[in-house]
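For reference, the structure discussed in these notes is given below.
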Amino acid sequence: MEKARRMHSTQKKYRISDFARLIYDESLAPAEVVRKWRGEDGMADLADDHGPEEAVEEDENFFRKAKHNDDDGNNNEDRLIPKYDYDTLAQKWSNPENLESLRQRFTTANLMKERNG
Amino acid sequence: MSNPSPALVRFQTQKSLAHRLTLATLTGRPVHISQIRPSSPTDPGLAPHEISFLRLLEAVTNGSHIEISYTGTTLVYRPGLITGSSPGSGASGGVIRHELPAGCTRGVSYFLVPLCLLAPFSKAPINVLFTGSGVITSATPTGDMSADSVRTAILPLYAQFGISNNIELRILRRSNVGAGGKGGAGEVHLVFGHQVRLPKTVHIMNPGRVKKIRGVAYCTGVSASNNARMIEEARGILNSMTGDTYIFSDVSSAAYLPSKDKSNPNQKRKTGVGFGLSLVAESSTGSLYSADLASPPAGGVPPEDIGRQCAYQLLESVSLGGAVSLAAATTVLTLMAMGSEDVGRLQLGRDVLGSETLICLARDLKAFGASGWGVRDANTGQEGDVVVSVVGRGVGNVGRKIA
Chain A
769 MEKARRMHST QKKYRISDFA RLIYDESLAP AEVVRKWRGE DGMADLADDH GPEEAVEEDE
829 NFFRKAKHND DDGNNNEDRL IPKYDYDTLA QKWSNPENLE SLRQRFTTAN LMKERNG
Chain B
5 MSNPSPALVR FQTQKSLAHR LTLATLTGRP VHISQIRPSS PTDPGLAPHE ISFLRLLEAV
65 TNGSHIEISY TGTTLVYRPG LITGSSPGSG ASGGVIRHEL PAGCTRGVSY FLVPLCLLAP
125 FSKAPINVLF TGSGVITSAT PTGDMSADSV RTAILPLYAQ FGISNNIELR ILRRSNVGAG
185 GKGGAGEVHL VFGHQVRLPK TVHIMNPGRV KKIRGVAYCT GVSASNNARM IEEARGILNS
245 MTGDTYIFSD VSSAAYLPSK DKSNPNQKRK TGVGFGLSLV AESSTGSLYS ADLASPPAGG
305 VPPEDIGRQC AYQLLESVSL GGAVSLAAAT TVLTLMAMGS EDVGRLQLGR DVLGSETLIC
365 LARDLKAFGA SGWGVRDANT GQEGDVVVSV VGRGVGNVGR KIA
């Protein structure tokens with residue numbers, strides 16, 4: 769839930785120009801690229817000014833998460849289907865609001881309403 | 005061919021090992037992979053499924069050279085030509101029998117997906133029978149999709165690249181994950197008879213809207229009521245989204261394997277007991293989104309939970325957006341990179357593009373000499389979708405180029 773909220777609060781952080789720069793930056797691990805692009809650490813606004821405190825915070829984040837991955841032990845094993853937290857998913861998709869917002873991806877969506885609204 | 009010994013492409017760790025070996029075979033570049041599980045106290049080096057994948061590569065190519073270090077943590081692979089199942093190179097009667105070891109923890113899709121990527125560039129048709137006590141056709145806890153999803157969500161994508169004839173995946177015997185997450189005793193037959201010089205350049209830009217959902221509920225060695233319970237629960241969630249939901253039910257008995265007990269060699273044991281669900285949503289423009297879940301080998305999960313969680317997984321996959329789902333993106337982007345020297349475009353959800361798997365893929369492709377991806381925001385489709393432009397490498401089918 770905490771994670772879901774954080775992801776929703778950082779919607780603006782996805783900037784395609786950032787991604788184009790990050791993707792071939794070999795100094796960053798793929799997991800770091802993902803986090804930076806999603807803005808899940810203090811460095812998200814690369815263009816904006818960021819103080820040294822923020823950089824320190826980012827380092828802390830990095831070390832904590834990396835350790836977590838090592839504990840997991842499965843960091844380097846390939847998965848075609850990512851690991852989902854099914855409790856979070858159940859909460860997300862039992863919420864009628866989320867289902868309604870997803871409805872525009874289905875043919876059952878009411879196109880007239882969408883156009884008017 | 006002009007350069008007899010091109011420089012080794014170097015990688016570390018076992019990450020995306022199968023796909024890196026596939027890319028090496030497609031591009032003809034030798035690879036050096038080190039640091040394969042170096043610090044594992046119990047199982048350092050290559051795992052049984054990775055060894056088995058190397059054997060499969062050896063079987064479908066001619067002239068491949070594999071060196072594995074004493075500890076198994078370092079690997080050098082010099083690819084040969086992809087000959088497929090031509091007679092005289094390991095195939096008997098046009099079929100390569102590939103036996104998976106009993107200790108295999110990965111589903112058969114771990115082998116099928118890379119093999120399908122190699123198949124269009126083969127000299128002769130690919131015709132492989134996966135058999136043995138390690139074939140798991142269901143989804144696995146290690147994150148593999150079921151063989152059903154490969155058939156219904158991956159293989160149809162090849163048609164967009166102009167590869168559509170004589171492709172068939174037959175699941176001859178089903179199996180879930182065996183005890184301890186190891187092995188099953190399924191049997192799967194892949195026929196991939198459409199070889200091309202170069203795959204077509206594609207522009208997959210319109211995700212469309214999901215119009216129907218199809219699925220397969222399978223159970224092996226357990227009561228068929230498990231299927232009904234999974235289907236009912238999944239339909240309960242999906243029916244509100246689309247009226248056209250149909251989930252097939254497939255019931256089969258579990259396979260018997262000879263017992264390892266030496267004192268009683270006639271005794272047999274059942275393996276690969278369990279149930280699972282594969283769901284595929286198809287959009288009006290042919291985009292496919294899949295979800296897979298099966299009962300864990302330890303058991304203890306009711307079929308209702310599997311059905312519900314699989315349906316939620318499908319909704320999540322659809323909500324990520326884009327014209328290709330995360331599970332299929334590797335296949336599509338690799339085929340695009342192997343296409344003619346022209347720009348192909350693909351619309352993806354931003355969380356699909358911004359996933360570790362695809363970032364790894366982009367870097368691997370670049371390491372093998374493909375040009376970098378261009379990315380921009382999409383004008384159409386769901387908010388936040390991005391368009392990836394991929395320039396093909398024009399490698400294509402080496403066997404056909406020369407012959």
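Heads up: the protein sequence lines correspond to chains A and B, in order. Here the first sequence is numbered in our numbering, starting from 769 and rising by one per residue. Here the second sequence is numbered in our numbering, starting from 5 and rising by one per residue. We treat Cβ as the ideally placed atom computed from N, Cα and C, and that holds for glycine.
Decide if residue i is buried, meaning its Cβ has at least 16 other Cβ atoms within 10 Å, or exposed.
i         : result
Ser229(B) : exposed
Leu365(B) : buried
Pro798(A) : buried
Thr384(B) : exposed
Asn837(A) : With a pLDDT of only 39 at Asn837(A), under 50, the local geometry of the prediction cannot be trusted, and no value is derived from it.
Gly138(B) : buried
Ala126(B) : Looking at the sequence shown, residue 126(B) is not Ala but Ser. Buried, since its Cβ has 16 or more Cβ neighbours within 10 Å.
Phe252(B) : exposed
Tyr250(B) : exposed
Pro262(B) : exposed
Ser43(B)  : exposed
So, for residue i: in the same chain, excluding its five sequence neighbours on each side, which residues have a beta-carbon less than 6 Å away from its beta-carbon?
i         : result
Leu79(B)  : Ile37, Ile72
Ser153(B) : Ser282, Ser294, Asp296
Arg354(B) : Gly388, Val390
Thr156(B) : Val284
Val395(B) : Val347, Ser375
Phe134(B) : His102, Val112, Val192
Lys204(B) : Phe165, Gly166
Reducing DSSP to helix, strand and coil, say where residue i ends up.
i         : result
Tyr114(B) : helix
Ala327(B) : coil
Ser1(B)   : No information on residue 1(B) is available, as it lies outside the stretch 5 to 407 that chain B covers here.
Cys364(B) : helix
Ile86(B)  : strand
Ala143(B) : coil
Thr384(B) : coil
Ile40(B)  : coil
Gly219(B) : strand
Arg14(B)  : strand
Ala157(B) : helix
Asn866(A) : helix
Leu176(B) : strand
Gly348(B) : strand
Gly184(B) : helix
Here's a check: name, in chain order, each residue in its chain whose Cβ is nearer than 7 Å to the Cβ of residue i, leaving out the five neighbours to either side.
i         : result
Thr29(B)  : Leu61, Thr65, Pro83, Ile86, Leu122
Asp148(B) : Arg110, Gly111, Ser113, Tyr114
Arg14(B)  : His36
Ala128(B) : Thr87, Gly88, Ser89, Ser90
Glu865(A) : none
Considering only residues of the same chain and omitting the five flanking positions on each side of residue i, which have a CB-CB separation below 8 Å?
i         : result
Thr361(B) : Ser20, Leu330, Ala333, Thr334
Gln313(B) : Leu297
For residue i, which residues does DSSP report across the bridge?
i         : result
Ile72(B)  : Leu79(B)
Gln872(A) : According to DSSP, Gln872(A) bridges with nothing at all.
Arg233(B) : None, per the DSSP bridge assignment.
Thr224(B) : Ser256(B), Gly278(B)
Asp296(B) : Ser282(B)
Phe196(B) : Ile130(B), Ile171(B)
Lys272(B) : Pro262(B)
Pro91(B)  : Ala95(B)
His207(B) : Arg349(B)
For my contact list, residue i and residue j are in at a C-beta cut-off of 8 Å; report their separation, rounded to the angstrom.
i         : j         : result
Leu176(B) : Ala151(B) : Contact flag wrong, Cβ pair sits at about 10 Å.
Pro211(B) : Ser321(B) : At roughly 12 Å, the Cβ-Cβ gap does not stay under 8 Å, so Pro211(B) and Ser321(B) are not in contact.
Gly225(B) : Ala238(B) : The Cβ separation is near 21 Å, so there is no contact.
Arg178(B) : Thr141(B) : 5 Å
Ile130(B) : Phe196(B) : 4 Å
Trp377(B) : Val356(B) : The Cβ separation is near 13 Å, so there is no contact.
Leu242(B) : Ala315(B) : 5 Å
Asp248(B) : Ile217(B) : 7 Å
Gly187(B) : Gly107(B) : 7 Å
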